[in-house]
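Colleague: The following block contains the structure, expressed as structure tokens.
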Amino acid sequence: MAEFTMELSDEQKEVRDWLHGFAADVIRPAAAEWDEREETPWPVIQEAAKVGIYSLDFYAQQYFDSTGLGIPMAMEELFWGDAGIALSIVGTGLAAVGVLANGTEEQIGTWIPQMYGDANDVKVAAFCSSEPDAGSDVASMRTRAVYDEAKDEWVLSGTKTWATNGGIANVHVVVAVVDPDLGSKGHASFIVPPSTPGLSQGQKFKKHGIRASHTAEVVLDNVRVPGSCLLGGKEKLDARLARAREKAKKGGERVKNAAMATFEASRPAVGAMAVGTARAAYEVALEYAQTREQFGRPIIDNQGVAFQLADMRTSIDAARLLVWRASWMATNGKPFTAAEGSMSKLFASETAKKVTAQAVQILGGNGYTREYPVERMHRDSAIYTIFEGTSEIQRLVIARTLAGMPIR
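Adding 615 to a residue's 1-based position in the sequence shown gives its number in the working numbering.
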């Protein structure tokens, strides 16, 4: 087990600086254009693929970093560049985590490479969990998966929403209900291969922020997938469902469902995204405060501005500490006995909203225009308190964990 440390190794620093350079030289110059276009920035994703950032190998190296800091470090630097473009680059990772968390070795080796493609033909993947009537309340999910034993196929029907890369993805990972009597414990995850009949894109959402990231509904109309596309396999699913039914009879223990496992693994990474956006806005505000003069002196000489910057930096550093702690714990098998993953996501996302709002205020009228990036950063930051569990859900998870209550 790696010791927890705030000191990055020389190799980690080299990766961090490389990512920062890509964010500064490639992502930032393109940010305003793709925000206005509200389209997937395929040329930027391709550039990321060419240098090795958008690749299975890169994410595997960071994912298996024994310190746990590889992924949060990468997320912070990319999202420092721009949240919308960065999410287009890393959005495939949520689907990949879904396969890594629940799939067999064969499934991991077969499907994850197809999620990324290569530098000459980049692909993306989508993780489809939320539904029009089931966001935070995963127990209300209606998308069904019915097993056709004669053909060894699963038939998926329903509508997913808020899916990053939904409809344009090469590979979709879909969470569906296989036993409605078990609520959230009766869910399973499925791979929907490329060009599978019955899967289509529904509404594409026009969003407040992260507009360079494609978000859409995914409609599943009697989509048939081979039995081998059930993540983990049917034997494992049957055993899990049997345990859940037995425990339900006893009034029993909580059983973790497939979607929740994916979200638990990814929440500290979302916190790192928020830290990156907050840090970017803080740096713009700091530079502006040092150079903008009013009444014959830089505005940072005014305590009202200086104290805001002090609070902004303090909150950002505190958020990073929580994210790094949770990431280290997850990598080294330390249980989240106090919902540390949710803590990191909650604090970092709320910090991003507050810090970006303060940055707009420090820039005054300039901060409210699109001539300065803090306006976009402020819009982008709102998503962190919403996706992969709202701030209210994070507080619920933390409170129920502290109270020793089951998390539904």
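C-beta: ideal position from N, C-alpha, C; glycine also.
Note that the structure is predicted; figures quoted are calculated from it, not measured.
When you compare only the Cα positions, how much space is there between residue 735 and residue 662?
Modeller: Rounded to whole angstroms, residue 735 to residue 662 spans 10 Å at the Cα level.
Colleague: Measure the beta-carbon distance from residue 957 to residue 914 and round it to whole angstroms, keeping in mind my assumption that it falls under 8 Å.
Modeller: Actually they do not touch by this definition, with Cβ atoms about 37 Å apart.
Colleague: Comparing C-alpha positions only, which one of 667, 885, 825 sits nearest to residue 709?
Modeller: Ranking 667, 885, 825 by Cα distance to residue 709 puts 885 first.
Colleague: Which residue's Cα is closest to the Cα of residue 853: 802, 899, 814?
Modeller: Measuring from the Cα of residue 853, the nearest candidate turns out to be 802.
Colleague: When the Cα atoms are used, what is the spatial distance from residue 745 to residue 1001?
Modeller: Whole-angstrom Cα-Cα distance: 12 Å.
Colleague: Is the beta carbon of residue 951 sitting closer than 8 Å to the one on residue 934?
Modeller: Not closer than 8 Å, so no.
Colleague: Below 8 Å between beta carbons: does that hold for residue 771 and residue 834?
Modeller: In this structure, residue 834 does not lie closer than 8 Å to residue 771 by Cβ.
Colleague: Which class does residue 809 belong to by DSSP, given the choice of helix, strand or coil?
Modeller: Residue 809 falls in the coil class under three-state DSSP.
Colleague: To the nearest angstrom, how far is the alpha carbon of residue 868 from that of residue 1020?
Modeller: Unreliable positioning characterises residue 868 in this predicted model, as indicated by a pLDDT of 47, which lies under 50. A coordinate reading is not provided.
Colleague: Label residue 624 either buried or exposed according to how many other C-beta atoms from any shown protein chain fall within 10 Å of its C-beta, with 16 as the threshold for buried.
Modeller: Flag for residue 624 reads exposed.
Colleague: May I have the straight-line CA-CA distance separating residue 890 from residue 970, to the nearest angstrom?
Modeller: Those two C-alpha atoms are separated by around 10 Å.
Colleague: Taking the straight line between their C-alpha atoms, what separation do you get for residue 987 and residue 974?
Modeller: Residue 987 and residue 974: Cα-Cα distance of roughly 11 Å.
Colleague: Name the DSSP beta bridge partners of residue 779, please?
Modeller: In DSSP, residue 779 forms a bridge with 830.
Colleague: For residue 953, which residues from the same chain have a beta carbon less than 8 Å from its beta carbon, with the 5 sequence-adjacent residues on both sides left out?
Modeller: Excluding sequence neighbours, residue 953 sits near 1013, 1016, 1017.
Colleague: Rounded C-beta distance between residue 776 and residue 747? I'm assuming under 8 Å.
Modeller: Their Cβ separation, rounded to whole angstroms, is 5 Å, which keeps residue 776 and residue 747 in contact under 8 Å.
Colleague: Are three or more beta carbon pairs between the region 696 to 714 and the region 663 to 683 nearer than 8 Å?
Modeller: Yes: at least three Cβ pairs fall under 8 Å.
Colleague: Here's the rule I'm using: 16 or more other beta-carbon atoms within 10 Å means buried, otherwise exposed. How should residue 912 be labelled?
Modeller: The residue in question, residue 912, is exposed, as its Cβ has fewer than 16 Cβ neighbours within 10 Å.
Colleague: Given a cut-off of 8 Å on the beta-carbon distance, is the pair residue 649 and residue 700 in contact?
Modeller: The answer is yes: Cβ separation under 8 Å.
Colleague: Give the secondary structure of residue 724 by DSSP, where H, G and I count as helix, E and B as strand, and everything else as coil.
Modeller: Residue 724: helix per DSSP, three-state reduction.
Colleague: What would DSSP say about residue 772, mapped onto helix, strand or coil?
Modeller: Strand, per DSSP.
Colleague: Got a sec, what are the start and stop residues for the alpha helix (DSSP H) residue 852 sits in?
Modeller: Counting along the chain, the alpha helix (DSSP H) containing residue 852 begins and ends at 849 to 864.
Colleague: DSSP three-state call for residue 717: helix, strand or coil?
Modeller: In the structure shown, residue 717 sits in a helix (DSSP, three-state: H, G or I).
Colleague: Skipping 5 residues on each side, what residues in its chain have a beta carbon closer than 7 Å to that of residue 847?
Modeller: Excluding residues within five positions, the ones whose Cβ falls inside 7 Å are 717, 718, 719.
Colleague: Count the other C-beta atoms from every protein chain shown that fall within 10 angstroms of the C-beta of residue 910, then say buried if there are 16 or more, exposed otherwise.
Modeller: That one is exposed.
Colleague: Ends of the beta strand (DSSP E) at residue 815?
Modeller: Residues 814 to 819.
Colleague: Would you give the residue range spanned by the alpha helix (DSSP H) that residue 678 belongs to?
Modeller: Per DSSP, residue 678 belongs to the alpha helix (DSSP H) from 671 to 678.
Colleague: I'd like to check one pair, residue 920 with residue 989: are the Cβ atoms closer than 8 Å?
Modeller: Going by C-beta atoms, residue 989 is not nearer than 8 Å to residue 920.
Colleague: Using DSSP's beta-bridge definition, name the partner residues of residue 802.
Modeller: Per DSSP, 792.
Colleague: On the three-pair Cβ rule with 8 Å, is the region 777 to 795 touching the region 810 to 828?
Modeller: With a cut-off of 8 Å, the region 810 to 828 and the region 777 to 795 count as touching, because enough Cβ pairs lie within range.
Colleague: Buried or exposed: which applies to residue 620, given that a residue is buried once 16 or more other Cβ atoms fall within 10 Å of its Cβ?
Modeller: With fewer than 16 Cβ atoms within 10 Å of its Cβ, residue 620 is classed as exposed.
Colleague: Is the CB-CB distance between residue 807 and residue 761 below 8 Å?
Modeller: It is not a contact, given that the beta carbons lie outside the stated cut-off.
Colleague: Output the distance between the C-alpha atoms of residue 564 and residue 764, rounded to the nearest integer angstrom.
Modeller: The shown model of the chain, from 616 to 1023, leaves out residue 564, and the question about it has no answer.
Colleague: Counting C-beta neighbours from all protein chains within 10 Å, is the total for residue 905 16 or more, i.e. buried, or is it exposed?
Modeller: Exposed, by the Cβ-count rule.
Colleague: So, for residue 696: in the same chain, excluding its five sequence neighbours on each side, which residues have a beta-carbon less than 6 Å away from its beta-carbon?
Modeller: Around residue 696: 638, 642, 643.
Colleague: Is the distance from the Cβ of residue 809 to the Cβ of residue 780 below 8 Å?
Modeller: Their beta carbons are not under 8 Å apart, which means residue 809 does not touch residue 780 by this criterion.
Colleague: Leaving out five residues on either side along the sequence, give the residues of the same chain with a beta carbon under 7 Å from the beta carbon of residue 669.
Modeller: Hits under 7 Å: 660, 663, 704, 731, 737.
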